[in-house]
Amino acid sequence: MSLSIHSRFDGGNIEVLSLDSADDIRLKIRPDAGDRHFQWFYFQLCNAADVACRMSIENAGKASYPDGFQDYRAVCSSDGFDWHRVPTSFDGERLIIEHTPEANAVYYAYFAPYSLERHQQLIGDALASPKVQGESLCTTPDGHPHTLLTIGEPEPGRKRLWITARQHPGETMAEFWVEGFLDRLLDDEDPVARAVLEHAVVYLVPNMCIDGGVRGHLRCNAHGRNLNREWRDPSAEFSPEVYHVVERMKRTGVDFSLDVHGDEGLPYNFIAGPEGIASWNAERQAELDGFKRLLAGISPDFQTEFGYPVDAPGSADLRKCTDFVAETFGCLAMTLEMPFKDSAVTPDREFGWSPGRCRHLGRSCLDAIWQWLKP
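Note that our numbering numbers the sequence shown so that position 359 is 367, with each residue one more than the last.
Right, here's the structure in full:
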């Protein structure tokens with residue numbers, strides 16, 4: 009049987025340059041729509057059981073974030089559900105995966121994929137709860153429903169919490185985070201979940217960029233738009249995913265916003281705030297710092313020492329969700345980042361940062377939200 013590589017499936021992304029021998033497989037990542045970004049890969053290797061394979065992604069050094077491949081290991085799975093890390097190296101130009109598969113059909117990916125089918129199941133499971141109302145805010149350019157889940161009752165006096173996830177489709181860890189967060193929030197026997205919904209209503213968009221996820225993109229939607237650069241002036245035609253979320257936020261108001269992402273380069277879980285907005289002051293800084301301290305005290309996987317440089321006063325980019333929401337609604341707004349690599353403060357050699365760990369962090373965030381909400 010000859011070797012073969014496939015990626016024509018939900019979320020798949022790779023092009024085969026050479027497949028003449030197992031020890032010299034040469035590949036290339038396909039760019040997002042618009043040709044500006046690429047880094048996400050996901051493919052299946054067939055007929056290579058017990059064969060030592062060397063797979064070289066030739067254009068890795070020209071990816072959107074080549075530093076993200078330093079000290080990075082790709083993930084592998086034979087069933088598409090359980091993913092583990094495999095030996096990977098980066099020479100500045102090529103990302104090289106060296107692995108001997110145990111099965112004749114195995115998958116390799118940048119991070120554990122999150123399929124459209126799994127997304128649909130997440131929505132279906134949530135709607136089974138009487139606490140949840142679901143609606144499609146719009147139809148995406150590729151024809152998918154853009155779903156908003158409303159959890160709890162929007163009664164007077166209750167805080168309005170907005171959670172958005174996976175604006176960048178290749179950051180699949182964000183939707184695994186949603187799984188953990190939502191699973192706990194809907195647990196009737198969880199006292200923290202009950203308390204949160206007694207004091208707040210949660211507006212949750214589990215996947216902001218469904219089209220990009222299905223297409224195997226890293227950062228962009230079907231029109232090549234980076235949705236986290238569309239918030240100030242979203243387009244109903246080219247970035248409807250953001251446009252309709254903003255319109256709904258204007259109707260509900262926002263008291264708290266958490267935008268969930270993944271970061272290619274930094275091996276940490278951290279929060280980035282909107283310190284550069286015009287209305288920033290000492291009181292808002294204290295609220296942001298306080299929330300970060302709460303989460304760090306709850307989850308050992310979260311830390312506050314490492315993260316992005318803090319924006320200088322007046323340097324905010326209102327095209328970004330967190331900056332836009334913080335300035336527009338005068339609320340606590342944050343971006344939660346998780347690693348594609350491992351967590352340097354709590355490393356796991358076999359799995360690295362993983363779907364299961366994302367889910368646990370999602371559950372922990374509910375504790376921090378309750379502490380922030382408490383009267």
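Backbone N, C-alpha and C define an ideal beta-carbon position, used for all residues, glycine too.
Which listed residue (the options) has its alpha carbon closest to that of residue i
{"i": "ALA41", "options": "VAL222, TYR211 and PRO199", "result": "VAL222"}
{"i": "GLN47", "options": "LYS70, GLY132 and MET346", "result": "LYS70"}
{"i": "PRO383", "options": "VAL204, THR260, PRO39 and PRO199", "result": "VAL204"}
{"i": "ASP271", "options": "ASP75, LEU135, ALA113 and SER243", "result": "ASP75"}
{"i": "SER86", "options": "PHE314, GLU110 and VAL200", "result": "GLU110"}
{"i": "VAL333", "options": "GLY261, ALA30 and ARG102", "result": "GLY261"}
{"i": "ALA60", "options": "ILE33, ASP43 and ASN289", "result": "ILE33"}
{"i": "GLY273", "options": "LEU344, TYR73 and LEU135", "result": "TYR73"}
{"i": "ARG126", "options": "SER29, GLY88 and GLU249", "result": "GLY88"}
{"i": "LEU156", "options": "GLY165, THR96, GLY132 and SER287", "result": "GLY132"}
{"i": "GLU335", "options": "ASP263, ALA136, ALA230 and ASN229", "result": "ASP263"}
{"i": "PHE299", "options": "GLY364, TRP378 and CYS228", "result": "TRP378"}
{"i": "ALA30", "options": "PRO39, HIS107 and ASP43", "result": "HIS107"}
{"i": "MET216", "options": "GLU255, GLU245 and THR148", "result": "THR148"}
{"i": "GLY19", "options": "ALA376, SER265 and CYS228", "result": "CYS228"}
{"i": "GLY315", "options": "MET342, GLU295 and ARG292", "result": "MET342"}
{"i": "LEU381", "options": "LYS139, TYR122, LEU190 and GLU206", "result": "GLU206"}
{"i": "MET181", "options": "SER287, LYS139, SER123 and GLN128", "result": "SER123"}
{"i": "MET9", "options": "SER323, ASN277, ASN55 and ARG292", "result": "ASN55"}
{"i": "PHE17", "options": "ILE105, TYR115 and ARG292", "result": "TYR115"}
{"i": "PRO121", "options": "SER323, ASP90 and GLU245", "result": "ASP90"}
{"i": "PRO321", "options": "GLU291, ASP297, SER287 and LYS349", "result": "SER287"}
Heavy atom of the ligand ZN within 6 Å of residue i beta-carbon
{"i": "ALA134", "result": "Questions concerning the ligand ZN fall outside what the structure shown contains, since it holds no ligand whatsoever."}
Within 7 Å, strictly: CB atoms of residue i and residue j
{"i": "TRP185", "j": "CYS366", "result": "yes"}
{"i": "PHE77", "j": "PHE98", "result": "yes"}
{"i": "TRP239", "j": "CYS329", "result": "yes"}
{"i": "LYS258", "j": "ALA208", "result": "no"}
{"i": "ALA117", "j": "VAL83", "result": "yes"}
{"i": "ASP219", "j": "ASP150", "result": "yes"}
{"i": "PRO347", "j": "PRO282", "result": "no"}
{"i": "LEU235", "j": "SER243", "result": "no"}
{"i": "SER351", "j": "ASP309", "result": "yes"}
{"i": "LEU27", "j": "LEU53", "result": "no"}
{"i": "GLY188", "j": "GLY370", "result": "yes"}
{"i": "PRO153", "j": "HIS225", "result": "no"}
{"i": "PHE388", "j": "HIS45", "result": "Nothing can be reported for residue 388: it is not among the residues displayed for the chain, which extend from 9 to 383."}
{"i": "LEU212", "j": "ILE279", "result": "no"}
{"i": "THR172", "j": "ASP267", "result": "yes"}
{"i": "GLY160", "j": "VAL210", "result": "yes"}
{"i": "GLU295", "j": "LEU326", "result": "no"}
{"i": "LEU190", "j": "ALA134", "result": "yes"}
Residues near residue i in its chain [Cβ-Cβ closer than 6 Å; skip 5 each side]
{"i": "ASP319", "result": "GLU283 and GLY284"}
{"i": "SER372", "result": "ILE306 and SER307"}
{"i": "GLU179", "result": "HIS269 and GLY270"}
{"i": "LEU103", "result": "ILE65, ALA68 and PHE77"}
{"i": "LEU303", "result": "PHE310 and ALA376"}
{"i": "THR312", "result": "LYS300 and ALA304"}
Cβ shell of residue i (< 7 Å), same chain only, five flanking positions each side left out
{"i": "ASP198", "result": "ARG192"}
{"i": "ALA57", "result": "PRO109, GLU110, ALA111 and ASN112"}
{"i": "GLN141", "result": "THR158"}
{"i": "VAL250", "result": "LEU235, GLU238, TRP239 and PRO242"}
Same chain only: Cβ atoms within 8 Å of residue i, ignoring 5 sequence neighbours per side
{"i": "ALA201", "result": "ARG192, LEU193, LEU194, ASP195 and LEU374"}
{"i": "LEU35", "result": "ILE13, ILE22, GLU23, VAL24, LEU25, PHE49, PHE51, MET63, SER64, ILE65 and GLU66"}
{"i": "ILE37", "result": "ASN21, ILE22, GLU23, PHE46, GLN47, TRP48, PHE49, ILE65, ASN67, ALA68 and ALA71"}
{"i": "THR354", "result": "PRO308 and ASP309"}
{"i": "ALA230", "result": "ALA41, THR148, PRO149, ASP150, ASP219, GLY220 and ARG223"}
{"i": "LEU130", "result": "GLU183, VAL186, GLU187, LEU190 and PRO214"}
{"i": "PRO317", "result": "none"}
{"i": "GLU143", "result": "THR155, LEU156 and THR158"}
{"i": "ASP356", "result": "ASP350, SER362 and ARG365"}
Assumed close pair residue i, residue j - CB separation to whole angstroms, cut-off 8 Å
{"i": "GLN175", "j": "HIS269", "result": "7 Å"}
{"i": "GLU163", "j": "PRO214", "result": "That belief does not hold up - the Cβ atoms of GLU163 and PRO214 are roughly 24 Å apart, past 8 Å."}
Which residues DSSP lists as bridging residue i, in chain order
{"i": "SER243", "result": "According to DSSP, SER243 bridges with nothing at all."}
{"i": "GLN293", "result": "Partner(s): none; GLN293 has no beta bridge."}
{"i": "ASN277", "result": "PHE310"}
{"i": "GLY270", "result": "MET346"}
{"i": "TYR115", "result": "GLN52 and SER85"}
{"i": "MET63", "result": "ILE33 and ILE105"}
{"i": "CYS146", "result": "HIS154"}
{"i": "CYS373", "result": "DSSP, once it has assigned bridges, lists no residue as partnering CYS373."}
{"i": "CYS228", "result": "ASN234"}
{"i": "VAL140", "result": "ILE159"}
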